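Engineer:
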Amino acid sequence: MDVVTDPVLELATAVLAVDPGGEARTRVTVHHTGDVVAQYRVEVLGDAARWSTVTPHLVSVLPGEEQGVTVEVVFRPPPPPAAPVGDVPFGVRCVSLEHRDVAAVVEGDLVVSPVQGLDARLRPDGPGGARAGRFRVELQNVGTTPLDVDLQVTDAAGLLRFALAPRRATVPAGGTVVGLLAVTGRAPRLLGPPVPHPFTVTYAEAASLHGGELAGTWEQRAAVRTWWLVVGALLVLGLVLGWLWLRGQGGSVDLEPGLPPPVVLTAVEPGQRQVRLVWERSAYATGYVVRERSESGEGTGVQPVDAQDQTSFTWPEREPGTHCYDVAAVAAGLTGPASPQRCVEVSEVTATPTATPEPEATSAAGGPAWEPVGWYVVYNAFPLADTASATAPQELLAQLQSAGATGVRMEDSRGSVAVADGPGDSGMVVVLKDGFASEADARAECDAFRAVAGFCIARPPAAPAPAATP
Numbered sequence: 018m019d020v021v022t023d024p025v026l027e028l029a030t031a032v033l034a035v036d037p038g039g040e041a042r043t044r045v046t047v048h049h050t051g052d053v054v055a056q057y058r059v060e061v062l063g064d065a066a067r068w069s070t071v072t073p074h075l076v077s078v079l080p081g082e083e084q085g086v087t088v089e090v091v092f093r094p095p096p097p098p099a100a101p102v103g104d105v106p107f108g109v110r111c112v113s114l115e116h117r118d119v120a121a122v123v124e125g126d127l128v129v130s131p132v133q134g135l136d137a138r139l140r141p142d143g144p145g146g147a148r149a150g151r152f153r154v155e156l157q158n159v160g161t162t163p164l165d166v167d168l169q170v171t172d173a174a175g176l177l178r179f180a181l182a183p184r185r186a187t188v189p190a191g192g193t194v195v196g197l198l199a200v201t202g203r204a205p206r207l208l209g210p211p212v213p214h215p216f217t218v219t220y221a222e223a224a225s226l227h228g229g230e231l232a233g234t235w236e237q238r239a240a241v242r243t244w245w246l247v248v249g250a251l252l253v254l255g256l257v258l259g260w261l262w263l264r265g266q267g268g269s270v271d272l273e274p275g276l277p278p279p280v281v282l283t284a285v286e287p288g289q290r291q292v293r294l295v296w297e298r299s300a301y302a303t304g305y306v307v308r309e310r311s312e313s314g315e316g317t318g319v320q321p322v323d324a325q326d327q328t329s330f331t332w333p334e335r336e337p338g339t340h341c342y343d344v345a346a347v348a349a350g351l352t353g354p355a356s357p358q359r360c361v362e363v364s365e366v367t368a369t370p371t372a373t374p375e376p377e378a379t380s381a382a383g384g385p386a387w388e389p390v391g392w393y394v395v396y397n398a399f400p401l402a403d404t405a406s407a408t409a410p411q412e413l414l415a416q417l418q419s420a421g422a423t424g425v426r427m428e429d430s431r432g433s434v435a436v437a438d439g440p441g442d443s444g445m446v447v448v449l450k451d452g453f454a455s456e457a458d459a460r461a462e463c464d465a466f467r468a469v470a471g472f473c474i475a476r477p478p479a480a481p482a483p484a485a486t487p
């Protein structure tokens, strides 16, 4: 009868050292003490069985201890970070193929060495901006042991501020920790092109001397974008053009006419049986109405003035006594409110003593002779032969009176010896003012109203006319 006995196993090396991703080998010798040839299956037990091989894994063993068969066991742990760390117990079992309850096990230890490895990366989330930039610091542990990592951020120029969280992180084996970094400038930038600001993120493993640096750049942009200025300029240009267009369209819009505003009556000058009225020109008037009233306000006379630019009127042949006047503007057939009423006293014509009348001096043109008194100023002169500018003297007179000039009058140059008659002695309508005591007073008058008149010259007193020959 055959005797069935358990196999005897002999492990060549009980303790093996290996690196993650490396390889470790050992041998196991199987002995059979029975009477007949036995067949066995050899296999590895424990956590190491997943990454181990047995060659060959089926053996036939002759009887006798000296007839043992040797198999090779190879351990190949995975690379980090999947590899275990430290001691990994294992067993090698030999099982009979004929009798499953016939088996033997031999045990050993596999020591897997630890591996440290860190992969650090700086990734931008928003690397440019007017106020701040955002970055991510990714720390990936590619080793087999946890790592404590310290983080710091600096810039060589000292122009930036940083906000980093966390500044110290524990990264598990095979895990990843993300740090958030915000970068901002110490001084804002209003205009101009973007400016790059370099900075450095330094990382170091607390338990070792391993570490490194990550270079980054934040692009600081202007707070006021260029396209904002372009849009703003186009908007302003559009508003100006729209305003100009509306202004140009204003003349073609039919508006309902209203009453012109009141006229300012500046002077009421009495004379011998006449009254001269002066008022300010109204930009809304097409003409004026001069009204005479009694002291009680009752109307006694009306005189129309059809010239838009006329700002004076002399009412002749007034009876001696008190006369009151007001002026109103007329526009589109509507008469505006009257100016405040002003009253003057008209005097009687002074009787001339009976005597042999002397012949009245006349000019070469047949008009009354006149000469300027004292220093005088000529605001401008207009040729009598120029019919195109026939109304120019009256317009200048009205403009000067509106500007505040008083005592201004128009004269025919042909009635004066001192005032030139112009080219060809054809005569000039002279707008002037006399009676100045000195040259300085006359020049001051020109300086005050040259912008209104466009031309002004101060003249010395006229030389006395030569005595007539008897």
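To convert, count from 1 in the sequence shown and add 17; that's the working numbering.
Using N, Cα and C, we set each Cβ at its ideal position, and we do this for glycine too.
This structure is a prediction, so every number in the text was calculated from the model and none was measured.
State the beta-bridge partners of residue 215 as determined by DSSP.
Structural biologist: In the sequence shown, the residue the question calls residue 215 occupies position 198. Residue 215 is bridged to 234.
Engineer: Three or more C-beta pairs closer than 8 Å, one from the stretch 443 to 452 and one from the stretch 387 to 398: is that the case here?
Structural biologist: Remark: three or more beta-carbon pairs, one from each stretch, lie closer than 8 Å, so the stretch 443 to 452 and the stretch 387 to 398 are flagged as touching.
Engineer: Can you tell which of 178, 196, 180 has its C-alpha closest to the C-alpha of residue 186?
Structural biologist: In the sequence shown, the residue the question calls residue 186 occupies position 169. Considering only alpha carbons, the answer is 196.
Engineer: Which residues mark the beginning and the end of the beta strand (DSSP E) in which residue 287 is found?
Structural biologist: Residue mapping note: residue 287 aligns to position 270 of the sequence shown, counting from 1. Looking at the DSSP string, the run of the beta strand (DSSP E) that includes residue 287 is 282 to 287.
Engineer: To the nearest angstrom, how far is the alpha carbon of residue 407 from that of residue 453?
Structural biologist: Reading the sequence shown from its first residue, position 390 is the one you call residue 407. Reading the sequence shown from its first residue, position 436 is the one you call residue 453. The alpha-carbon atoms of residue 407 and residue 453 are separated by roughly 28 Å.
Engineer: Give the range of the beta strand (DSSP E) segment to which residue 388 is assigned.
Structural biologist: Within the sequence shown, residue 388 is the residue found at index 371, counting from 1. First-last for residue 388: undefined, no H or E at that position.
Engineer: Quick check on DSSP: helix, strand or coil for residue 464?
Structural biologist: Counted from its first residue, the sequence shown places residue 464 at position 447. In the structure shown, residue 464 sits in a helix (DSSP, three-state: H, G or I).
Engineer: Whose C-beta lies closer than 6 Å to the C-beta of residue 215 among residues of the same chain, with five residues either side of it excluded?
Structural biologist: The sequence position of residue 215 within the sequence shown is 198, counting from 1. Counting only Cβ-Cβ distances below 6 Å, and skipping sequence neighbours, we find 234.
Engineer: Throw me the rounded Cβ distance for the residue 344 and residue 282 pair, which I believe falls under 8 Å.
Structural biologist: For this step, residue 344 is matched to residue 327 along the sequence shown. For this step, residue 282 is matched to residue 265 along the sequence shown. Correct: roughly 5 Å between the Cβ atoms.
Engineer: Mapping DSSP to helix, strand and coil, what is residue 192?
Structural biologist: Position 175 of the sequence shown, counting from 1, holds the residue named residue 192. Annotated three-state conformation of residue 192 is coil, per DSSP.
Engineer: Could you check the C-alpha separation between residue 167 and residue 222 for me, to the nearest Å?
Structural biologist: Within the sequence shown, numbered from 1, the residue matching residue 167 stands at position 150. Within the sequence shown, numbered from 1, the residue matching residue 222 stands at position 205. Cα-Cα distance, rounded: 6 Å.
Engineer: Measuring alpha carbon to alpha carbon, tell me which residue in 192, 421, 306, 389 is nearest residue 99.
Structural biologist: For this step, residue 99 is matched to residue 82 along the sequence shown. When only C-alpha atoms are compared, the closest one is 192.
Engineer: For residue 286 and residue 361, I'd like the C-alpha separation in whole angstroms.
Structural biologist: Here residue 286 refers to the residue found at position 269 of the sequence shown. Here residue 361 refers to the residue found at position 344 of the sequence shown. Cα to Cα, residue 286 sits roughly 7 Å from residue 361.
Engineer: Rounded to a whole number of angstroms, what is the C-alpha to C-alpha distance between residue 387 and residue 404?
Structural biologist: The residue labelled residue 387 in the question sits at position 370 within the sequence shown. The residue labelled residue 404 in the question sits at position 387 within the sequence shown. Answer to the nearest angstrom: the Cα atoms are 24 Å apart.
Engineer: Let me check understanding here. Comparing Cα to Cα, which of 121, 329, 348, 461 lies closest to residue 278?
Structural biologist: Here residue 278 corresponds to residue number 261 of the sequence shown, with the count starting at 1. Nearest C-alpha to residue 278: 348.
Engineer: Considering just the uninterrupted stretch of the beta strand (DSSP E) at residue 294, what are its terminal residues?
Structural biologist: Along the sequence shown, one-based indexing puts residue 294 at 277. 292 to 296 is the extent of the beta strand (DSSP E) around residue 294.
Engineer: At what residues does the alpha helix (DSSP H) containing residue 412 begin and finish?
Structural biologist: Stepping through the sequence shown from its first residue, residue 412 is reached at position 395. Note, residue 412: alpha helix (DSSP H), 409 to 419.
Engineer: For a test of the three-state rule: what should DSSP assign to residue 222, helix, strand or coil?
Structural biologist: Reading the sequence shown from its first residue, position 205 is the one you call residue 222. Three-state result, residue 222: strand.
Engineer: Straight-line CA distance for residue 108 to residue 70?
Structural biologist: Counting from one through the sequence shown, the residue named residue 108 turns up at place 91. Counting from one through the sequence shown, the residue named residue 70 turns up at place 53. Taking the straight line from one Cα to the other gives about 13 Å.
Engineer: Using the three-state DSSP reduction, which class does residue 38 fall into: helix, strand or coil?
Structural biologist: Locating residue 38 in the sequence shown gives position 21, counting from the first residue. Note: residue 38 maps to coil in three-state DSSP.
Engineer: Select from 112, 342, 160, 252 the residue whose C-alpha is nearest the C-alpha of residue 49.
Structural biologist: Reading the sequence shown from its first residue, position 32 is the one you call residue 49. Ranking the options by Cα distance to residue 49, first place goes to 112.
Engineer: According to DSSP, what are the bridge partners of residue 342?
Structural biologist: Position 325 of the sequence shown, counting from 1, holds the residue named residue 342. Per DSSP, 309, 359.
Engineer: Three-state secondary structure (DSSP) at residue 115?
Structural biologist: The sequence position of residue 115 within the sequence shown is 98, counting from 1. Coil.
Engineer: Going by beta carbon distance, what residues of the same chain come within less than 7 Å of residue 77, once the five residues before and after it are set aside?
Structural biologist: To locate residue 77, count along the sequence shown from 1; it is residue 60. So the qualifying residues of the chain are 54, 56.
Engineer: Given this structure, state the Cα-to-Cα distance separating residue 337 from residue 426, to the nearest angstrom.
Structural biologist: Taking the sequence shown and counting its residues from 1, one reaches residue 337 at position 320. Taking the sequence shown and counting its residues from 1, one reaches residue 426 at position 409. Approximately 25 Å, taken between the alpha carbons.
Engineer: Within the continuous beta strand (DSSP E) that includes residue 57, where are the two ends?
Structural biologist: Translated into the one-based positions of the sequence shown, residue 57 becomes position 40. Unbroken beta strand (DSSP E) run through residue 57: 55 to 62.
Engineer: List the endpoints of the continuous beta strand (DSSP E) containing residue 302.
Structural biologist: Within the sequence shown, residue 302 is the residue found at index 285, counting from 1. Neither: residue 302 is in no beta strand (DSSP E) and is coded neither H nor E.
Engineer: Kindly identify the DSSP beta-bridge partner or partners of residue 157.
Structural biologist: Taking the sequence shown and counting its residues from 1, one reaches residue 157 at position 140. Note: residue 157 sits in a beta bridge opposite 136, 193.
Engineer: Taking DSSP as the reference, what is the three-state secondary structure of residue 365?
Structural biologist: Translated into positions along the sequence shown, residue 365 becomes position 348. Of the three classes helix, strand and coil, the one that applies to residue 365 here is coil, per DSSP.
Engineer: For residue 129, which residues of its own chain have a beta-carbon under 7 Å away from its beta-carbon, when the five flanking residues on both sides are left out?
Structural biologist: Stepping through the sequence shown from its first residue, residue 129 is reached at position 112. Here the set comprises 35, 37, 94, 100, 101, 102, 103, 105.
Engineer: Taking all protein chains shown into account, decide if residue 122 is buried (16 or more other Cβ within 10 angstroms of its Cβ) or exposed.
Structural biologist: The residue labelled residue 122 in the question sits at position 105 within the sequence shown. The residue in question, residue 122, is exposed, as its Cβ has fewer than 16 Cβ neighbours within 10 Å.
Engineer: Using C-beta distances below 7 Å, list every residue in its chain close to residue 312, excluding the 5 sequence neighbours before and after it, in chain order.
Structural biologist: On the sequence shown, position 295 is the one that residue 312 refers to. Closer than 7 Å at the Cβ level, and outside the excluded window around residue 312, lie 339, 341, 360.
Engineer: Per DSSP, which one or two residues make a beta bridge with residue 84?
Structural biologist: Along the sequence shown, read from residue 1 onward, the residue named residue 84 stands at position 67. Answer is none; residue 84 lacks a bridge partner.
Engineer: What is the rounded straight-line gap between the Cα of residue 415 and the Cα of residue 263?
Structural biologist: For this step, residue 415 is matched to residue 398 along the sequence shown. For this step, residue 263 is matched to residue 246 along the sequence shown. Near 31 Å, if we compare the C-alpha coordinates of residue 263 and residue 415.
Engineer: Just to check my reading of the structure: residue 97 and residue 160 have Cβ atoms closer than 8 Å, yes? What is that Cβ distance to the nearest angstrom?
Structural biologist: As a working note, residue 97 is residue 80 in the sequence shown. As a working note, residue 160 is residue 143 in the sequence shown. The Cβ separation is near 5 Å, so the contact holds.
Engineer: Would you mind giving the Cβ-Cβ distance between residue 325 and residue 303, rounded to the nearest angstrom? I have them listed as a contact below 8 Å.
Structural biologist: Mapped onto the sequence shown, residue 325 falls at position 308. Mapped onto the sequence shown, residue 303 falls at position 286. The Cβ separation is near 5 Å, so the contact holds.
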